[in-house]
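Numbering (the numbering used here), first residue to last: -3 to 363.
We put the CB at the ideal spot given by N, CA and C, even for glycine.
Quick caveat: nothing in here was measured; it's all calculated off a predicted structure.
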């Protein structure tokens, strides 16, 4: 086994999930992620926690979703719900054999399945959950990289000095926590949104920071009262369908118009999921400069330095005042724009980032 697999497991169990003796741990393992699962199981055992391992396959999911007639009703799984309600920690080990296995599942079925499984999704998010991936050949192919090259890319992004990165990202959190309005300007974007009374999350790849992805490396918050136009120029896959050059128009916080050069139907399906799918749940600012290229994986791409992403749908509770519910939806779909050139991000009228460089970084130019 590559020593980096064991190191990945240690970071996941210790830094990210903070597994302790007696914790009830559920680990969901995708196809092709066997080696990392073995290493994680050993680390969980060393900490005297319990472990239940489940198997996740997109091809199995496709078979289930496509079966039955068009009017078929979906429901959440009672055994899965009971398992998640009893869990302290949930670890998702991604991988897979085919990154577009669900491409031919009807959009309406996807929507009905998402809505029906809201209870299990909420139970999972009530745990100390962390999602990561094991480098597989299918993910390397999706990224357009050789397998060995992709493995190096993954470990460069995952095996970071997370404490040092957390200290750096604290600068952005401080700005957002003190701010009331964010404006994003690029050649094709002019968007304003309120962040009044919101708390930004310093997403340093650990539940101790309200962060649930490994790798991470972003600062995010839950905007509202969004107005203007935004253009997403980073290609990505949404619901196993390729999407590129998406534009959204917001009025009074809601999407009133949209277009896409490719994958417009996928965007339409997302927006039609429920009322909350037409509103923003997240503004995220990528700050992990260990990620140096786009790979068509939201886990990596949204964390990349010189990017900003916005998510349609659900807002995270960590960003909201205690007792307040933010935007609610069965979806949380991120889309990314490259801000490395011809761009500004302003908070309360002050330029915080220009052309990808933050004001506390060398080379920043306010004007």
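Are the beta-carbon atoms belonging to residue 332 and residue 266 less than 8 Å from one another?
Numbered from its first residue, the chain shown carries residue 332 at position 336. Numbered from its first residue, the chain shown carries residue 266 at position 270. The answer is no: Cβ separation not under 8 Å.
Residues that residue 330 bridges to, as DSSP identifies them
Here residue 330 corresponds to residue number 334 of the chain shown, with the count starting at 1. Under DSSP, the beta-bridge partners assigned to residue 330 are 307.
Got a sec? Which residues, its chain only, sit under 7 Å from residue 169 by beta carbon, not counting five neighbours each side?
Along the chain shown, read from residue 1 onward, the residue named residue 169 stands at position 173. Within the same chain, residue 169 has close Cβ partners 196, 198, 215.
Is the distance from the Cβ of residue 155 to the Cβ of residue 355 below 8 Å?
Working through the chain shown from its first residue, we reach residue 155 at position 159. Working through the chain shown from its first residue, we reach residue 355 at position 359. No, the Cβ-Cβ distance between residue 155 and residue 355 is not below 8 Å.
Starting from residue 25, follow the alpha helix (DSSP H) in both directions and report where the run begins and ends.
Numbered from 1 along the chain shown, position 29 holds the residue referred to as residue 25. No alpha helix (DSSP H) contains residue 25, which is instead part of the beta strand (DSSP E) from 20 to 26.
Under a three-way DSSP split, which group does residue 128 fall into?
Position 132 of the chain shown, counted from the first residue, corresponds to residue 128. DSSP places residue 128 in strand when its eight states are reduced to three.
I'd like the span of the alpha helix (DSSP H) that includes residue 5, first residue to last.
Walking along the chain shown from the start, residue 5 turns up at place 9. DSSP places residue 5 in the uninterrupted alpha helix (DSSP H) bounded by -1 to 6.
Going by the DSSP bridge assignment, what does residue 187 pair with across the sheet?
Working through the chain shown from its first residue, we reach residue 187 at position 191. Looking at the DSSP assignment, residue 187 forms a beta bridge with 180, 224.
Quick one: using the 10 Å Cβ neighbour count with 16 as the cut-off for buried, is residue 258 buried or exposed?
Here residue 258 is taken as the residue at index 262 of the chain shown, counted from 1. A residue is called buried once 16 or more other Cβ atoms fall within 10 Å of its Cβ, and residue 258, having fewer, is exposed.
For the pair the stretch 224 to 242 and the stretch 67 to 85, tell me if three or more CB-CB distances fall below 8 Å.
Counting Cβ pairs under 8 Å, fewer than three are found: no touch.
Ignore the nearest five residues each way along the sequence and tell me which others in residue 112's own chain have a CB closer than 8 Å to its CB.
Along the chain shown, one-based indexing puts residue 112 at 116. Cβ-Cβ distances below 8 Å link residue 112 to 69, 70, 71, 72 in the same chain, with the five nearest sequence neighbours on each side left out; the list follows chain order.
Check whether the stretch 142 to 154 and the stretch 281 to 294 touch, using three or more Cβ-Cβ pairs below 8 Å as the test.
Yes: the two stretches touch, three or more of their Cβ pairs being nearer than 8 Å.
Take every Cβ of the stretch 179 to 187, pair it with every Cβ of the stretch 210 to 229, and state whether three or more of those distances are shorter than 8 Å.
Contact holds between the stretch 179 to 187 and the stretch 210 to 229, because three or more Cβ pairs, one in each stretch, are under 8 Å apart.
Hey, out of 344, 296, 234, whose CA is closest to residue 209's CA?
In the chain shown, counting from the first residue as 1, residue 209 sits at position 213. For residue 209, the nearest C-alpha among the options comes from 296.
Take the Cβ of residue 143 as the centre, count every other Cβ of all protein chains shown within 10 Å, and call the residue buried at 16 or more, exposed below.
Translated into positions along the chain shown, residue 143 becomes position 147. By the neighbour-count rule (16 or more Cβ atoms within 10 Å), residue 143 is not buried but exposed.
Hey, how far is the Cα of residue 358 from the Cα of residue 135?
Working through the chain shown from its first residue, we reach residue 358 at position 362. Working through the chain shown from its first residue, we reach residue 135 at position 139. As the crow flies, the alpha-carbon of residue 358 is around 34 Å from that of residue 135.
Going by DSSP, what residue range makes up the alpha helix (DSSP H) through residue 287?
Here residue 287 refers to the residue found at position 291 when the chain shown is read from its first residue. No alpha helix (DSSP H) contains residue 287, which DSSP labels as neither H nor E.
Around the C-beta of residue 147, are 16 or more other C-beta atoms found within 10 angstroms, so that it is buried, or is it exposed?
The residue given as residue 147 occupies position 151 in the chain shown. It is buried - the Cβ of residue 147 has at least 16 other Cβ atoms within 10 Å.
Ends of the alpha helix (DSSP H) at residue 162?
As a first step, residue 162 must be located in the chain shown, where it is residue number 166. Residues 158 to 174.
Does the count of Cβ pairs from the stretch 315 to 322 and the stretch 246 to 260 closer than 8 Å reach three?
Note that the stretch 315 to 322 does not touch the stretch 246 to 260; fewer than 3 beta-carbon pairs, one per stretch, sit closer than 8 Å.
If we count the other Cβ atoms within 10 Å of its Cβ and call it buried at 16 or more, is residue 235 buried or exposed?
If you number the chain shown from 1, residue 235 lands on position 239. Burial call: buried.
Residue nearest to residue 293 in terms of C-alpha spacing, selected from 338, 164, 149
Within the chain shown, residue 293 is the residue found at index 297, counting from 1. Comparing Cα-Cα distances from residue 293 to each of 338, 164, 149, the minimum goes to 149.
List the whole-angstrom C-beta distance separating residue 84 from residue 52, where the pair is believed to meet the contact cut-off of C-beta under 8 Å.
Start at 1 with the first residue of the chain shown, and residue 84 comes out as number 88. Start at 1 with the first residue of the chain shown, and residue 52 comes out as number 56. Rounded to whole angstroms, the Cβ separation of residue 84 and residue 52 is 20 Å, and the two are not in contact under 8 Å.
Between 130, 270, 17, which has its C-alpha nearest residue 104's C-alpha?
Taking the chain shown and counting its residues from 1, one reaches residue 104 at position 108. If you compare the alpha carbons of 130, 270, 17 with that of residue 104, the shortest gap goes to 270.
Here's a check: name, in chain order, each residue in its chain whose Cβ is nearer than 8 Å to the Cβ of residue 325, leaving out the five neighbours to either side.
The sequence position of residue 325 within the chain shown is 329, counting from 1. Spatial neighbours of residue 325 in its own chain (CB-CB distance under 8 Å, excluding positions within 5 residues in sequence) are listed in chain order as 269, 270, 271, 272, 273, 275, 277, 308, 309, 310.
What three-state label does DSSP hand residue 155 in the structure shown?
Looking up residue 155 in the chain shown gives position 159. In the three-state reduction of the DSSP assignment, residue 155 falls in the coil class, being assigned neither a helical nor a strand state.
Could you check if residue 345 is buried or exposed, using at least 16 other CB atoms within 10 Å of its CB as the buried criterion?
The residue labelled residue 345 in the question sits at position 349 within the chain shown. The C-beta of residue 345 has fewer than 16 other C-beta atoms within 10 Å across all chains shown, which makes the residue exposed.
Assuming contact is defined by CB atoms lying nearer than 8 Å, are residue 26 and residue 90 in contact in what I supplied?
In the chain shown, the residue the question calls residue 26 occupies position 30. In the chain shown, the residue the question calls residue 90 occupies position 94. Yes. Within cutoff.
Once DSSP output is grouped into helix, strand and coil, what is the label at residue 238?
Stepping through the chain shown from its first residue, residue 238 is reached at position 242. Reduced to three states, the DSSP call for residue 238 is strand.
Using DSSP bridges, identify the partner residues of residue 232.
The residue you call residue 232 lines up with position 236 of the chain shown. BP columns for residue 232 point to 239.
Evaluate residue 194 with the Cβ neighbour count: other Cβ atoms within 10 Å of its Cβ, from every protein chain shown; 16 or more gives buried, anything less gives exposed.
As a working mapping, residue 194 is identified with position 198 in the chain shown. Label assigned to residue 194: buried.
For the beta strand (DSSP E) that contains residue 266, what are its first and last residues?
Position 270 of the chain shown, counting from 1, holds the residue named residue 266. First-last for residue 266: 260 to 267, but that is the alpha helix (DSSP H), not the beta strand (DSSP E).
Alpha carbon to alpha carbon, how far is residue 353 from residue 117? Give it in angstroms, no decimals.
For this step, residue 117 is matched to residue 121 along the chain shown. For this step, residue 353 is matched to residue 357 along the chain shown. The straight-line gap from Cα to Cα measures roughly 36 Å.
Alpha carbon to alpha carbon, how far is residue 86 from residue 211?
Along the chain shown, one-based indexing puts residue 86 at 90. Along the chain shown, one-based indexing puts residue 211 at 215. Rounded to whole angstroms, residue 86 to residue 211 spans 16 Å at the Cα level.
Among 339, 30, 106, 67, whose alpha-carbon lies nearest the alpha-carbon of residue 58?
Here residue 58 refers to the residue found at position 62 when the chain shown is read from its first residue. Check the Cα spacing between residue 58 and each of 339, 30, 106, 67: the tightest is with 106.
Specify, as a first and last residue, the run of the beta strand (DSSP E) that residue 216 falls within.
Reading the chain shown from its first residue, position 220 is the one you call residue 216. Where residue 216 is concerned, the enclosing beta strand (DSSP E) stretches over 214 to 217.
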